[in-house]
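Beneath this line is the structure, given in C-alpha cells, with notes to follow.
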Amino acid sequence: MNEERNVVYAIGAGMGTKGLLTREAQECIEACDILMGSRRMTEAFQNLGKPCFCEYRPQKILEYLTVHPQYRKCAVLFSGDIGFYSGAKKLSQVLEDAGIEVRFLPGISSVVYLASRLNVSWEDAKLTSLHGREEALIDAVARYEKTFCLLGGDQGREFCQKIKKYDFPDVRLFIGRRLSYADEEILERSAGEAEPRELEGLVTVLIENPRWEGRIRRRPKDEEFIRGNIPMTKAEVRAVSLAKLGLAEGAVFYDIGAGTGSISVEAALSAERIRVYAIEKNPEGIRLIEENHIQFKTEQIEIIEGEAPEVLEGLEAPTHVLIGGSSGKLKEILRLVREKNPYVLIVIHAVSLETLQEVTQAAQEGLLYDPEVVQIQVAKARKLGEHHLMMGQNPVYLISDGGSK
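Numbering (the working numbering), first residue to last: 164 to 568.
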C-alpha cells in the first residue's frame, strides 16, 4: 500500500449487518482511520470508536477529505455489492479525478441473499432496479421467467401500479424486507395482491412469470393489434421501416403520426433500454395506442396527444424519428428535430405524390441531407373460390436520411 497517498476503500457491506461482511472487508474497516456512508451503513460499526462521517455523495466525500487530510485511509460503506447498482462507480470517478486512489472490496448483494433464502438460482434471472433509476421493469417481467428488482423509498406505489396495469395474472412476487436483520421478512404475493406498504423502503423482489415470452426482436402480426377505424402500417412496411431506422439500446425514438401504435410497439419490443414517444393527434388513435401498448406490455412507450411540431418542443432530443403523418407540416417538423439533433436518423412514409413533393422541397431547403427513396409494393394472396389471387396494397414510399456522422 502506498502510504504517501490517500486511499479510499469502497466496501460492499451487504445489507447492513456485520455478519455478512467478508473477512477482508472487516479487517479493512478495523484498519481505516474513518468510516463513511449512509447512517444505516455506519451505525453497525459505532462500537469501533472510529470517527464517522454519514455521507455517501461523492462530491461531499471529496470535500470532506480535502478539508481533513489527516485521514489517510478511509472506508466508504455501500449496501450490497459495489458492482451491483452501487454508487461506488461514481465515487471512484470523482475521487480518482482528484488524485485519490480508490480500491474496491466486494460484498453480498440483496439479490444473492434473497435467492439463497428462496433456494433459487439467480444467474438465469434479469436484474433490474427502480431505486434512483428508470428501467423497463414491465418489459423484463414479460420477457424473462425470473426478474429481481431493487426498490427504495416510496416506490412501492409505483411498482404496484405498473405490475397491475399490465395484467400479469400468473405472476408471483417474493418480497424481501429488512433482509439480514432480526426482523427480516419475506412475503409471497400474486401481482394483484401486493400492497404499496409492503414494498416501501429498501426492498428486493423476485418476480416469477410462468408465461414469460423470451422474446428476441418480436415481430407482431397485423391481426394481433387492436385496429379500430385508424389506418395501420402493415407488417411488411414496419419491417423495412425499422430496418432503415436501425434502432439500438438507448435510442430516443419519435413515432410522429403513430396511428394505432403498431410501429411504436414493435420499436419498443426491439430493445429493453429504448424510449419511444408515440405522437398522435386523433383521440381514437390515442385510445388505440394505449390499448395496444398495454396489450404488448411495452412500458417504454410514452403517448403524446397533439399535433407536431408543437408537441415536440418539450421532449428530449431524438436519435431516430419516423414521420408517418405530418398534416402538411413536414418541413416544420424536420426543422425542429434537426435543431434538437442535427444527426438524427429520419424515415418518412409517403403514400401520396403531394407528400413526395414536400420531401423534394425539404431536400432543396437543406432539411434533408442525402435522402434515399425506396418504394414498397406488397401483394398478398387471397382465396377466391378455388383460386388464389394476389391482391395489391397501396404503394408506400420510404424516405430515409441522416444518422450519426
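For each residue, glycine too, the CB sits at the ideal point set by N, CA and C.
(1) Check this for me: beta carbons of C323 and I370, under 8 Å apart or not?
(2) How long is the line joining the alpha carbons of A544 and W375, rounded to whole angstroms?
(3) Write down the C-beta distance between M395 and G413 rounded to the nearest angstrom, noting that I regard them as a contact closer than 8 Å.
(4) Sort out for me which residues DSSP pairs I370 with in a bridge.
(5) Using DSSP with H/G/I as helix, E/B as strand and the rest coil, what is M395?
(6) By Cβ distance, which residues of its chain are closer than 6 Å to R352, with the 5 residues on each side in sequence left out?
(7) So if DSSP puts C217 in a beta bridge, which residue, or which two residues, is it bridged to?
(8) Near K397, which residues of its chain fall below 8 Å by C-beta distance, leaving aside the five closest residues on each side in sequence?
(9) Using the Cβ count rule (16 or more neighbours within 10 Å means buried), how would you classify E166?
(10) With a CB to CB cut of under 8 Å and the five nearest residues on each side skipped, what residues in its chain are close to I457?
(11) What residues in its chain sit with their C-beta under 6 Å from that of M164, if we drop five residues either side in the sequence?
(12) For L362, count neighbouring Cβ atoms within 10 angstroms of its own Cβ and tell me buried if that reaches 16, exposed if not.
(13) Find out if the Cβ-Cβ distance for the pair Y172, I197 is shorter than 8 Å.
(14) How many angstroms separate the CA atom of E465 from the CA atom of L350?
(15) I'd like to know if the segment 197 to 207 and the segment 245 to 265 are in contact, where contact means that at least 3 CB-CB pairs between them fall below 8 Å.
(16) Please state the DSSP three-state secondary structure of N165.
(17) Tell me, please, which residues DSSP counts as bridged to I464.
(18) Give the DSSP bridge partners of Q538, in chain order.
(19) Let me check one thing: in DSSP terms, what residues is S353 bridge-paired to?
(20) Measure how close the beta-carbons of M204 and L228 come, nearest whole angstrom, since I'm counting them as under 8 Å.
(21) Report the rounded CA-to-CA distance for D244 versus G250, giving the unit in angstroms.
(22) Which of helix, strand or coil does DSSP assign to E502?
(23) Name, in chain order, the residues that DSSP records as bridge partners for E264.
(24) Taking only three categories from DSSP, how would you classify H550?
(25) Are the CB atoms of V430 and D418 nearer to each other than 8 Å?
(26) For N340, which residues from the same chain have a beta carbon less than 6 Å from its beta carbon, with the 5 sequence-adjacent residues on both sides left out?
(27) Give the DSSP-derived three-state secondary structure of I245 in the structure shown.
(28) Run through the DSSP bridge pairs and tell me what K289 is partnered with.
(29) Return the CA-CA distance between A188 and H294, expressed in angstroms with no decimal places.
(30) Write down the C-beta distance between E443 and G420 rounded to the nearest angstrom, noting that I regard them as a contact closer than 8 Å.
(31) Ends of the beta strand (DSSP E) at F416?
(32) Between the alpha carbons of A278 and P332, how many angstroms are there, rounded?
(33) Look at the Cβ atom of F388, then the Cβ atom of L432, and state whether they are nearer than 8 Å.
(34) When you compare the CB positions of D287 and E435, do they come within less than 8 Å of one another, or not?
(35) Do V304 and N372 come within 8 Å of each other at the CB atom, strictly closer than that value?
Reading off the structure:
(1) Reading the sequence shown from its first residue, position 160 is the one you call residue 323. Reading the sequence shown from its first residue, position 207 is the one you call residue 370. Contact: no.
(2) In the sequence shown, the residue the question calls residue 544 occupies position 381. In the sequence shown, the residue the question calls residue 375 occupies position 212. Rounded to whole angstroms, A544 to W375 spans 34 Å at the Cα level.
(3) Here residue 395 corresponds to residue number 232 of the sequence shown, with the count starting at 1. Here residue 413 corresponds to residue number 250 of the sequence shown, with the count starting at 1. Wrong, their Cβ atoms sit about 28 Å apart, outside the cutoff.
(4) The residue labelled residue 370 in the question sits at position 207 within the sequence shown. According to DSSP, which records beta bridges pairwise, I370 is partnered with T310, L336.
(5) As a first step, residue 395 is located in the sequence shown; it is residue number 232 there, counting from the start. In this structure, M395 counts as coil in the three-state DSSP scheme.
(6) Within the sequence shown, the letter at position 189 stands for residue 352. Here the set comprises L336.
(7) The residue given as residue 217 occupies position 54 in the sequence shown. In the DSSP output, where bridge partners are listed per residue, C217 has G200.
(8) Counting from one through the sequence shown, the residue named residue 397 turns up at place 234. Take K397, set aside five residues on each side of it, and the residues of its chain with a beta-carbon closer than 8 Å to its own are D385, V541, Q556, in chain order.
(9) For this step, residue 166 is matched to residue 3 along the sequence shown. Caution applies to E166, whose pLDDT of 49 falls short of 50 and renders its modelled position unreliable; the value that the coordinates give is listed next. It counts as exposed.
(10) For the purposes of this step, residue 457 is taken as residue 294 along the sequence shown, with counting starting at 1. Excluding sequence neighbours, I457 sits near K328, Y329, D330.
(11) On the sequence shown, residue 164 is found 1 positions in, with the first residue counted as 1. Because M164 sits at a pLDDT of 39, beneath the cut-off of 50, its placement in the model cannot be relied upon, and the point is left open.
(12) Residue 362 sits at position 199 when you count from the first residue of the sequence shown. Within a 10 Å sphere around the beta-carbon of L362 sit 16 or more other beta-carbons, which makes this residue buried.
(13) Numbered from its first residue, the sequence shown carries residue 172 at position 9. Numbered from its first residue, the sequence shown carries residue 197 at position 34. For Y172 and I197, no; Cβs fall outside 8 Å.
(14) Counting from one through the sequence shown, the residue named residue 465 turns up at place 302. Counting from one through the sequence shown, the residue named residue 350 turns up at place 187. Cα to Cα, E465 sits roughly 32 Å from L350.
(15) The segment 197 to 207 makes no contact with the segment 245 to 265; the number of CB pairs closer than 8 Å stays below 3.
(16) By 1-based counting over the sequence shown, the position of residue 165 is 2. Note on N165: pLDDT 43, under 50, position unreliable in the model; the coordinate value appears next. N165 falls in the coil class under three-state DSSP.
(17) Position 301 of the sequence shown, counted from the start, is the residue given in the question as residue 464. Looking at the DSSP assignment, I464 forms a beta bridge with V439.
(18) As a position in the sequence shown, residue 538 is number 375, starting the count at 1. According to DSSP, which records beta bridges pairwise, Q538 is partnered with Y560.
(19) As a first step, residue 353 must be located in the sequence shown, where it is residue number 190. Looking at the DSSP assignment, S353 forms a beta bridge with R335.
(20) As a first step, residue 204 must be located in the sequence shown, where it is residue number 41. As a first step, residue 228 must be located in the sequence shown, where it is residue number 65. Wrong, their Cβ atoms sit about 18 Å apart, outside the cutoff.
(21) For the purposes of this step, residue 244 is taken as the residue at position 81 of the sequence shown. For the purposes of this step, residue 250 is taken as the residue at position 87 of the sequence shown. If I take the Cα positions, the gap works out to 10 Å.
(22) Position 339 of the sequence shown, counted from the start, is the residue given in the question as residue 502. Here E502 sits in helix by DSSP.
(23) In the sequence shown, residue 264 corresponds to position 101, counting from 1. V170.
(24) Within the sequence shown, residue 550 is the residue found at index 387, counting from 1. DSSP places H550 in the strand class (E or B) of the three-state scheme.
(25) In the sequence shown, the residue the question calls residue 430 occupies position 267. In the sequence shown, the residue the question calls residue 418 occupies position 255. Checking the sequence shown, residue 430 turns out to be Ala, not Val. Result yes, Cβ atoms of A430 and D418 sit closer than 8 Å.
(26) Position 177 of the sequence shown, counting from 1, holds the residue named residue 340. Residue identity differs from the one stated: residue 340 is Arg in this sequence, not Asn. Once the five neighbours on either side are set aside, the close Cβ partners of R340 are E348, V366.
(27) Here residue 245 refers to the residue found at position 82 of the sequence shown. Correct three-state label for I245: coil.
(28) Start at 1 with the first residue of the sequence shown, and residue 289 comes out as number 126. DSSP output for K289 lists T310 as bridge partner(s).
(29) If you number the sequence shown from 1, residue 188 lands on position 25. If you number the sequence shown from 1, residue 294 lands on position 131. Spanning the two alpha carbons is a distance of roughly 25 Å.
(30) As a working note, residue 443 is residue 280 in the sequence shown. As a working note, residue 420 is residue 257 in the sequence shown. Confirmed, about 7 Å.
(31) Taking the first residue of the sequence shown as 1, we reach residue 416 at position 253. Note, F416: beta strand (DSSP E), 415 to 419.
(32) Translated into positions along the sequence shown, residue 278 becomes position 115. Translated into positions along the sequence shown, residue 332 becomes position 169. Looking at the two C-alpha atoms, the distance is approximately 23 Å.
(33) Looking up residue 388 in the sequence shown gives position 225. Looking up residue 432 in the sequence shown gives position 269. Against a cut-off of 8 Å, the Cβ pair of L432 and F388 comes out as no contact.
(34) The residue given as residue 287 occupies position 124 in the sequence shown. The residue given as residue 435 occupies position 272 in the sequence shown. No, Cβ-Cβ distance for D287 and E435 is not below 8 Å.
(35) Counting from one through the sequence shown, the residue named residue 372 turns up at place 209. Counting from one through the sequence shown, the residue named residue 304 turns up at place 141. Taking 8 Å as the Cβ cut-off, N372 and V304 qualify as a contacting pair.
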